[in-house]
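Notes for the one structure printed next.
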Amino acid sequence: MTFSRSIKIAPSILSADFANFGLECEAIEAQGADWVHVDVMDGHFVPNITFGPATCAAIRPHIKGVMDVHLMIAPVDPYIEAFAQAGADVITAHVEAGPHIHRTLQAIRGAGAKAGVALNPGTPAEHIEYLLDMVDLVCVMTVNPGFGGQKFIHSQVEKVRKLRAMIGDREIHIEIDGGVTPETAPLVVAAGADVLVAGSAVFKGGSVGNPSPYGENIRAIRAASKV
Ligand code: DX5
Ligand code: ZN
27 MTFSRSIKIA
37 PSILSADFAN
47 FGLECEAIEA
57 QGADWVHVDV
67 MDGHFVPNIT
77 FGPATCAAIR
87 PHIKGVMDVH
97 LMIAPVDPYI
107 EAFAQAGADV
117 ITAHVEAGPH
127 IHRTLQAIRG
137 AGAKAGVALN
147 PGTPAEHIEY
157 LLDMVDLVCV
167 MTVNPGFGGQ
177 KFIHSQVEKV
187 RKLRAMIGDR
197 EIHIEIDGGV
207 TPETAPLVVA
217 AGADVLVAGS
227 AVFKGGSVGN
237 PSPYGENIRA
247 IRAASKV
């Protein structure tokens, strides 16, 4: 993975057909996705359950580019090695998921993956001030984690601006997760984001049998991001 601040669209397979993950990953990449965002939920840290490392390993051969794994689980540390072994390029843990996020981020890099840290909407940017030299990505949650299709929380745009200033010249991606649409994308891009996760806004209207809407949806978000 080489670092660039160009805009990357990362469809979340939370909005894909769960019986068809392999083909869905191939379809979104063929339609222009830059990264594939994989939402792991445990029914404990968030009120929903998705899947774990075995599913990540199974979809890995169907993804040519970056597999971006967002862990909404607590605890995190016992599972890092398994997600790294499953082929995750980026592993993101929540700052709220436990008392030792510093150790968690060390362990992610130690396992050979890029380290991401995610902030819930109620968590201030300053919480990660002393972590910036050990992360490759900061994920700003623009909805409360757990479900796709929620409304974008506008107060987070200011947080993105603050984080962009805190990051300075460091090679750290700012990822936005939740409620990204052609309407909200330009707000966060102008504030300094470069990775846009989008679930419902990418998958709506399409399917593996009819993937062209995925391409239209991705192009609409990309076009709106040229700010
Ligand atoms: C929410 C997940 C998101 C979600 C985004 O907990 O982390 O990745 O799938 O979905 P949309 O784009 O529909 O808000
Ligand atoms: Zn996510």
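All residue numbers in the sequence shown are consecutive under our numbering, ending with 253.
For glycine and all other residues, C-beta sits at the position ideal for the given N, C-alpha and C.
Closer than 7 Å to some heavy atom of ligand 1: that does not describe the Cβ of A250. Of the other Cβ atoms in all chains shown, fewer than 16 fall within 10 Å of the Cβ of G175; this residue is therefore exposed. Between M93 and C82, the beta carbon gap of about 7 Å places them in contact (Cβ cut-off 8 Å). Of the residues H180, L189, Q182 and V169, the one whose Cα lies closest to the Cα of V161 is L189. Contact between the segment 30-45 and the segment 225-241 is present, with at least three C-beta pairs closer than 8 Å.
By the C-beta density criterion, T118 is buried, having at least 16 other C-beta atoms within 10 angstroms. Here D159 is exposed: its Cβ has fewer than 16 other Cβ atoms, across all protein chains shown, within 10 Å.
With a cut-off of 7 Å, the C-beta of Q176 is classified as near ligand 1, since at least one heavy atom of the ligand falls inside that distance.
Within 10 angstroms of the beta-carbon of T28 lie fewer than 16 other beta-carbons, which makes it exposed. Neighbourhood of ligand 2, defined by CB distance below 5 Å to any of its heavy atoms: D65, H96 and D203, in chain order.
With distances taken between CA atoms, A110 lies nearest to L131 out of L131, I127 and V72. The bridge partners DSSP lists for P37 are A224.
Using a Cβ distance threshold of 8 Å, F71 and H120 count as a contacting pair. About 11 Å separates the beta carbon of I198 from that of A219, a gap too long to meet the 8 Å contact definition.
Note on geometry: alpha-carbon atoms of A211 and A112 lie some 30 Å from one another. Looking only at M192, N146, H88 and G142, the smallest Cα-Cα distance to H128 is reached by G142.
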